[in-house]
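First residue of the sequence shown? That's 123 in our numbering, and the numbers climb one at a time after it.
What follows is a single structure, written as C-alpha cells, with notes after it.
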Amino acid sequence: SNDVLSQETLANGEVLVLAEPRSKFTELEMNSIRGFINGGGNVLVMLGEGGENKFNTNINFLLEEFGIMVNN
Numbered sequence: 123s124n125d126v127l128s129q130e131t132l133a134n135g136e137v138l139v140l141a142e143p144r145s146k147f148t149e150l151e152m153n154s155i156r157g158f159i160n161g162g163g164n165v166l167v168m169l170g171e172g173g174e175n176k177f178n179t180n181i182n183f184l185l186e187e188f189g190i191m192v193n194n
C-alpha cells in the first residue's frame, strides 16, 4: 500500500508486515515504526533479491537500532 504509516494507522495492530518496500520511509514513518516496535509491536521485513541496495530503501537505518541488518 502507498498509505503513510503513522502512529494512528499502527495503533490497533500487533504485526506490521513490510513486504518488499521500494522507496524510502519518511521521518514520520520511521518514528511511527520505531514507536510501534518500542511499544511491543512486531515487524516482519521482507526484501526482494538485491534488497535495500536495489530498491534504494532506508529500512536498514531503522533496523540497525534493533541490532538487525538485511542484505549484510
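Ideal Cβ positions, reconstructed from N, Cα and C, are used throughout, including at glycine.
Exposed unless 16 or more other CB atoms sit within 10 angstroms - verdict on residue i
i, result
"S145", "exposed"
"G151", "The residue you asked about is not Gly; residue 151 is Glu in the sequence shown. Buried: at least 16 other Cβ atoms inside 10 Å."
"T148", "exposed"
"I190", "exposed"
Top-ranked residue by Cα proximity to residue i, from the options
i, options, result
"E95", "I159, V126 and Q129", "With the chain represented from 123 up to 194, any question about residue 95 goes unanswered, as that position is not in the structure."
"E142", "E171, I190 and I155", "E171"
Close-in-space but distant-in-sequence residues of the same chain around residue i (CB under 8 angstroms, 5 per side omitted)
i, result
"V192", "V167, L169, G173, E174, I181, N182 and L185"
"G135", "F158 and G163"
Own chain partners of residue i with C-beta closer than 6 angstroms, once the 5 adjacent residues on each side are dropped
i, result
"L140", "V167"
CB contact check: residue i to chain D, cutoff 8 angstroms
i, result
"V165", "Protein chains in the displayed structure number just one, and chain D is not present."
ask   = Which whole runs of the alpha helix (DSSP H) in the region 125 to 188 are 4 residues long or more, in chain order?
value = 129 to 132, 149 to 160, 173 to 177 and 181 to 185
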